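Below is one structure; the comments refer to it alone.
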Amino acid sequence: MRRIDKKTALKIMEMYVSMGGNVIDTARSYCGGKSEELVGRFVQGKRDKIIISTKCAHPPADNMKHSRLDRESIEADIDASLKALGTDYIDIIWLHRDDVSLPVMPIIDTLNLMKKKGKVRFFGASNWTYDRIAEANSYAAESGQEGFFASQALYNLATRTRVWLF
Numbered sequence: 007m008r009r010i011d012k013k014t015a016l017k018i019m020e021m022y023v024s025m026g027g028n029v030i031d032t033a034r035s036y037c038g039g040k041s042e043e044l045v046g047r048f049v050q051g052k053r054d055k056i057i058i059s060t061k062c063a064h065p066p067a068d069n070m071k072h073s074r075l076d077r078e079s080i081e082a083d084i085d086a087s088l089k090a091l092g093t094d095y096i097d098i099i100w101l102h103r104d105d106v107s108l109p110v111m112p113i114i115d116t117l118n119l120m121k122k123k124g125k126v127r128f129f130g131a132s133n134w135t136y137d138r139i140a141e142a143n144s145y146a147a148e149s150g151q152e153g154f155f156a157s158q159a160l161y162n163l164a165t166r167t168r169v170w171l172f
């Protein structure tokens with residue numbers, strides 16, 4: 007685990023954008039919400055040039071089996087992210103974890119409500135299985151709603167390293 011200070015983190019983001027990068031991915035659960043606050047600070051004055059991607063509905067660190075995919079938890083996390091990011095919409099919201107014991111219908115209904123309210127533009131699944139995404143998208147199509155437009159897989163070929171801010 008490495009730690010970097012705020013000044014260095016802002017400098018890295020500035021370099022990234024100066025080289026043509028335009029998507030910044032973060033999460034409510036990263037650094038206790040501080041990651042979103044720093045991204046929010048960085049995008050001020052350039053919000054129209056940056057695509058913000060963040061995650062919500064992560065279980066509490068001390069109880070990973072605690073589901074947070076109910077409407078109240080999802081909307082509360084989105085509202086907290088909007089405040090931390092200092093913006094009135096999130097380009098891409100990802101549901102950070104799944105709970106296969108829950109039906110997909112109310113989850114998709116909630117995400118579509120968040121879009122209708124203008125809080126999010128698109129939504130995706132992070133750490134969900136193909137079968138659950140397919141089930142959710144099937145329900146979305148049948149009910150005339152939008153489904154997940156993308157998936158973030160948990161594992162990849164790169165080395166997974168944690169970098170903590172501040």
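Residue numbers 7 to 172, in our numbering, belong to the letters of the sequence shown in order. Ideal placement from N, C-alpha and C gives every residue a C-beta, glycine not left out. A quick note: this is a predicted structure, and the numbers were derived from the prediction, not measured.
From Asn133 to Ser73, what distance separates their C-alpha atoms?
Whole-angstrom Cα-Cα distance: 14 Å.
Flag this pair as yes or no: are the beta carbons of Val126 and Ile84 separated by less than 9 Å?
Result yes, Cβ atoms of Val126 and Ile84 sit closer than 9 Å.
Grab me the residues of Gly150's own chain with a C-beta within less than 6 Å of its C-beta, minus the 5 sequence neighbours each way, in chain order.
Cβ neighbours of Gly150 beyond the five flanking positions: none.
Complete runs of the alpha helix (DSSP H) confined to the segment 27 to 53 [at least 4 residues]
You should have 40 to 49.
Separation of Ile10 from Gly38, as counted between CA atoms
Taken atom to atom, the span from the alpha-carbon of Gly38 to that of Ile10 is near 15 Å.
Could you check where the alpha helix (DSSP H) with Thr116 kicks off and where it finishes?
Bounds of the alpha helix (DSSP H) holding Thr116 are 111 to 122.
Assuming Glu81 and Met120 make a contact with CB atoms under 8 Å, what is their CB distance in whole Å?
Contact holds; Cβ gap of about 7 Å.
Between Val106, Ile99, Arg103, Tyr136, which lies nearest to Asn118 when the distance is taken from Cα to Cα?
Comparing Cα positions, the closest option is Ile99.
Are the C-beta of Ala90 and some C-beta of chain B separated by less than 9 Å?
Absent from the structure is chain B; it holds one protein chain and no more.
Per DSSP, Ser59 forms a beta bridge with which residues?
Paired residues: Asp31, Ile98.
By the DSSP assignment, the beta strand (DSSP E) with Ser132 in it spans what residues?
Looking at the DSSP string, the run of the beta strand (DSSP E) that includes Ser132 is 126 to 132.
Collapsed DSSP secondary structure at Ser157 in the structure displayed
DSSP places Ser157 in strand when its eight states are reduced to three.
Tell whether a beta-carbon distance below 9 Å holds between Thr60 and Glu42.
Cβ distance < 9 Å, so Thr60 and Glu42 count as in contact.
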